[in-house]
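Which chain is which? The protein sequence lines are A and B, in order.
Throughout, the working numbering is defined as the position within the first sequence, counted from one, plus 3.
Throughout, the working numbering is defined as the position within the second sequence, counted from one, plus 3.
Even glycine gets a Cβ: it sits at the ideal position worked out from N, Cα and C.
All remarks here apply to the structure that follows.
There are 2 protein chains.
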Amino acid sequence: MSKCEQCIVREFSSLKALNKDELIKLAECKTSRLVKKGEIIFEEGENVNGIFCVKDGVCKLTKLSPNGKDHIVKLVTKGELLGQRSMISDEPVNLTAVALEDMQVCFVPKSEIMGFFDKNNQFSMNVMKNICGDLKESDKQMVNMAQKTVKERLAETLLYLQDTFGKNEDDTLKIQLTRDELASMIGTATESCIRLLSDFNKSGLIEIKGKKIILKDIPKLKKMV
Amino acid sequence: MSKCEQCIVREFSSLKALNKDELIKLAECKTSRLVKKGEIIFEEGENVNGIFCVKDGVCKLTKLSPNGKDHIVKLVTKGELLGQRSMISDEPVNLTAVALEDMQVCFVPKSEIMGFFDKNNQFSMNVMKNICGDLKESDKQMVNMAQKTVKERLAETLLYLQDTFGKNEDDTLKIQLTRDELASMIGTATESCIRLLSDFNKSGLIEIKGKKIILKDIPKLKKMV
DNA sequence: GGCAGAATATGATATATGTCATATAAATGA
DNA sequence: TCATTTATATGACATATATCATATTCTGCC
Numbered sequence: 004m005s006k007c008e009q010c011i012v013r014e015f016s017s018l019k020a021l022n023k024d025e026l027i028k029l030a031e032c033k034t035s036r037l038v039k040k041g042e043i044i045f046e047e048g049e050n051v052n053g054i055f056c057v058k059d060g061v062c063k064l065t066k067l068s069p070n071g072k073d074h075i076v077k078l079v080t081k082g083e084l085l086g087q088r089s090m091i092s093d094e095p096v097n098l099t100a101v102a103l104e105d106m107q108v109c110f111v112p113k114s115e116i117m118g119f120f121d122k123n124n125q126f127s128m129n130v131m132k133n134i135c136g137d138l139k140e141s142d143k144q145m146v147n148m149a150q151k152t153v154k155e156r157l158a159e160t161l162l163y164l165q166d167t168f169g170k171n172e173d174d175t176l177k178i179q180l181t182r183d184e185l186a187s188m189i190g191t192a193t194e195s196c197i198r199l200l201s202d203f204n205k206s207g208l209i210e211i212k213g214k215k216i217i218l219k220d221i222p223k224l225k226k227m228v
Numbered sequence: 004m005s006k007c008e009q010c011i012v013r014e015f016s017s018l019k020a021l022n023k024d025e026l027i028k029l030a031e032c033k034t035s036r037l038v039k040k041g042e043i044i045f046e047e048g049e050n051v052n053g054i055f056c057v058k059d060g061v062c063k064l065t066k067l068s069p070n071g072k073d074h075i076v077k078l079v080t081k082g083e084l085l086g087q088r089s090m091i092s093d094e095p096v097n098l099t100a101v102a103l104e105d106m107q108v109c110f111v112p113k114s115e116i117m118g119f120f121d122k123n124n125q126f127s128m129n130v131m132k133n134i135c136g137d138l139k140e141s142d143k144q145m146v147n148m149a150q151k152t153v154k155e156r157l158a159e160t161l162l163y164l165q166d167t168f169g170k171n172e173d174d175t176l177k178i179q180l181t182r183d184e185l186a187s188m189i190g191t192a193t194e195s196c197i198r199l200l201s202d203f204n205k206s207g208l209i210e211i212k213g214k215k216i217i218l219k220d221i222p223k224l225k226k227m228v
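And the structure:
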């Protein structure tokens, strides 16, 4: 069992507020898990009874809409926590988490987290601020979905992906989403997404290298959103 | 200055967790305010530095989208709190609050609330659960906006309005939104909203009495969403 | 009480986007 | 390595929705 004390990603999450004793307790009760690309971490409606801490890799949080399509609500990466809302609401999770790459995650049972929650104000404040950030972002996205065109949302999403996950040495976006997943983030049909990417490519906004994407004209992309 | 102890709406909000002493302190520092229909309580980007408790009336929380249209993110009614997210994030509010009817609201400064927050675990837990509920709802709406048709969203919204705000003796929806506001809730153009209401009317789903709306065939409306 | 401005209503039309079909390219696995 | 599936791409077309124009009705107000 690895020690949470020495885990570097802890510094990026709410868990940074925990003291030495708490970290030792945390290390004792947590379980680690390797998650292969495409594997489900938890599914909408499930009782998770704890939170996951993402040590490595990226996953998508999706929500099934009544028409049968999945919608990607959020991407969660190294250093972030999963399942906070559900734990606090004391409800089943409302989103499904699926690994986009091979991942390392640690699971901490609810009882433990709630203990920290009660005793460590800074920790609970951190968790709350996280959730508040999610709420603000979600409200923003709701309005985006309602008011912006697909083209605008695509431009915005491409910029977001580069901002958040960076680019490789060849300037391609580091995070590798399928066209289908990209479509499901911006809330459109896969074909529409592919078509718009082609358009963006033709007009020099981006360059498509197979499945990889390079943002070529960031100022213009920014002006679109 | 009215006493918070005797305020009935307190029972419906997170404030129900406060004890007698805390309520007395609350009553001492709060300020009451009458808000006329159409008046702004606070505006996107403003520093509110406290929370509002809605004693009577309903307001809309809107967000301005880059295309210049307002989108109604949420309706807030008697017994609910306003500005919680902003207070916890320690950021300006990200939404604008406008009264839909004459309202009575009380304002409590941040310093006071944060005091309760630190000392009263049940209170902070209540606030968090509220925010978590908002987040869940917001995620759901985001997916709705992205995946459902305007028709489906209209049906869903009408049902929501009746569920949440009830109906008058003549069966008309109690809450009175303009067509423009209804459109801004479901995320569509005013004309489209009006047109669909006409369609719903013709097909017997609803009945339009001037500006008032009666839900006639709730099972069918439910099947649509 | 009547007038100005707003809200509601409806038609005509444009446009964005979804859907279905099909082709090609890439990935997977026996 | 080849075959089978899956992902990407593009065309043709259907349709939902926005936009613009114009009536009509309602509402506040002097």
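What residues match up with residue i in a beta bridge as DSSP calls it?
i        : result
A:GLY53  : A:PRO112
A:PHE203 : Its beta-bridge partners do not exist; DSSP assigns none.
B:PHE15  : Paired residue(s): none; B:PHE15 is not in a bridge.
A:SER195 : Its beta-bridge partners do not exist; DSSP assigns none.
A:CYS62  : A:VAL79, A:ALA102
B:ILE217 : B:THR175, B:GLU210
B:SER35  : B:CYS109
B:LEU67  : B:ASP73
B:PHE45  : B:ALA100
A:LYS223 : Answer is none; A:LYS223 lacks a bridge partner.
A:LYS170 : A:LEU176
Have a look at residue i and residue j and give me their C-alpha separation to the nearest angstrom.
i        : j        : result
A:ASP173 : A:LEU138 : 35 Å
B:CYS196 : B:LEU185 : 7 Å
B:LYS81  : A:THR167 : 40 Å
B:GLN107 : B:LEU85  : 13 Å
B:ALA158 : A:THR191 : 22 Å
B:THR65  : A:ASP142 : 10 Å
B:GLY169 : A:VAL12  : 49 Å
B:PHE110 : A:LEU161 : 41 Å
B:LEU199 : A:MET145 : 22 Å
A:ASN97  : B:GLN165 : 25 Å
B:TYR163 : A:ILE27  : 48 Å
B:ASN22  : B:CYS7   : 11 Å
B:MET188 : A:CYS32  : 45 Å
A:HIS74  : B:LEU208 : 29 Å
A:ILE10  : A:PHE120 : Reading the sequence as shown, one finds Cys at residue 10 of chain A and not Ile. The alpha-carbon atoms of A:CYS10 and A:PHE120 are separated by roughly 20 Å.
B:ASN147 : A:LYS58  : 32 Å
B:THR152 : B:LYS214 : 23 Å
B:PRO69  : A:GLU25  : 45 Å
B:ARG154 : A:ALA149 : Before going on, a small fix: residue 154 of chain B reads as Lys here, not Arg. The straight-line gap from Cα to Cα measures roughly 14 Å.
A:GLN87  : A:GLU140 : 16 Å
A:LEU37  : A:PHE55  : 12 Å
B:LEU18  : A:LYS19  : 30 Å
B:MET117 : A:LYS132 : 14 Å
B:ARG3   : B:GLY136 : Past the boundaries of the shown model lies residue 3 of chain B; chain B is included only from 4 to 228, so the question cannot be answered.
B:ASP93  : A:LYS122 : 22 Å
B:LYS212 : B:ASP105 : 23 Å
A:VAL76  : B:ILE221 : 30 Å
B:GLY71  : A:GLY71  : 32 Å
Note down, in chain order, each residue of its chain lying with its Cβ closer than 8 Å to the Cβ of residue i, except the 5 sequence neighbours on either side.
i        : result
B:MET103 : The question names Met, but residue 103 of chain B is Leu in the sequence shown. These residues qualify, in order along the chain: LYS40, GLY60, VAL61, CYS62, LYS63, LEU78, ILE178, GLN179, LEU180, GLU184.
B:ILE91  : VAL130, ILE134
A:ALA30  : MET4, SER5, LYS6, CYS7, GLU8
A:GLY101 : Residue 101 of chain A is actually Val in this sequence, not Gly. Excluding positions up to five away in sequence, the list reads GLY41, GLU42, ILE43, ILE44, CYS62, LYS63, THR65.
A:THR99  : ILE43, PHE45, GLU46, GLU47, LEU64, THR65, LYS66, LEU67, ASP73
B:THR175 : LYS212, LYS215, ILE216, ILE217
Closer than 6 Å by C-beta to residue i: which residues in its own chain qualify, once you throw out the five before and the five after it? Chain order, please.
i        : result
B:ARG182 : THR193, CYS196, ILE197
A:PHE15  : GLY82
B:GLU210 : ILE217, LYS219
A:GLY53  : PHE110, VAL111, PRO112, LYS113
B:ASN171 : LYS177
B:GLU115 : CYS32
A:THR34  : PHE110
For a test of your reading of the model: does the CB of residue i fall under 7 Å from any non-hydrogen atom of the ligand GTP? Yes or no.
i        : result
A:LEU164 : Among the ligands in the structure shown, none appear at all, so the ligand GTP cannot be discussed.
Kindly list the residues whose CB is nearer than 7 Å to the CB of residue i, restricted to its own chain and excluding five residues on each side of it in sequence; keep chain order.
i       : result
A:PRO95 : GLY48, GLU49, ASN50, SER89
Open item on the list: Against chain B, which members of the region 59 to 78 of chain A pass a CB distance test of less than 8 Å?
Closed with: Residues passing the 8 Å Cβ filter: LYS66, SER68, PRO69, ASN70, LYS72, HIS74, VAL76.
- [ ] Determine which residues of the region 183 to 216 of chain B have a Cβ less than 7 Å from any Cβ of chain A, and write them out in chain order.
- [x] GLY190
Open item on the list: For the region 199 to 217 of chain B against the region 119 to 129 of chain B, do three or more pairs of beta-carbon atoms, one drawn from each stretch, fall closer than 8 Å, so that the two count as touching?
Closed with: no
Open item on the list: For the structure I just gave you, are there three or more beta carbon pairs, one from the region 42 to 55 of chain B and one from the region 221 to 228 of chain A, closer than 8 Å?
Closed with: no
Task: Against chain B: residues of the region 109 to 139 of chain A by CB proximity under 9 Å - done: PHE120, ASP121, ASN124, SER127, MET128, VAL130, MET131, LYS132, ILE134, CYS135, GLY136, ASP137, LEU138, LYS139
Open item on the list: To be precise: take each residue of the region 18 to 44 of chain B, compare its Cβ to all Cβ atoms of chain A, and keep it if any distance is under 9 Å. Which residues remain?
Closed with: none
Open item on the list: To be precise: take each residue of the region 165 to 180 of chain B, compare its Cβ to all Cβ atoms of chain A, and keep it if any distance is under 8 Å. Which residues remain?
Closed with: none
TODO: Scan the region 141 to 153 of chain B for residues whose Cβ lies nearer than 8 Å to a Cβ of chain A and list them as they occur along the chain.
DONE: SER141, ASP142, LYS143, GLN144, MET145, VAL146, ASN147, MET148, ALA149, GLN150, LYS151
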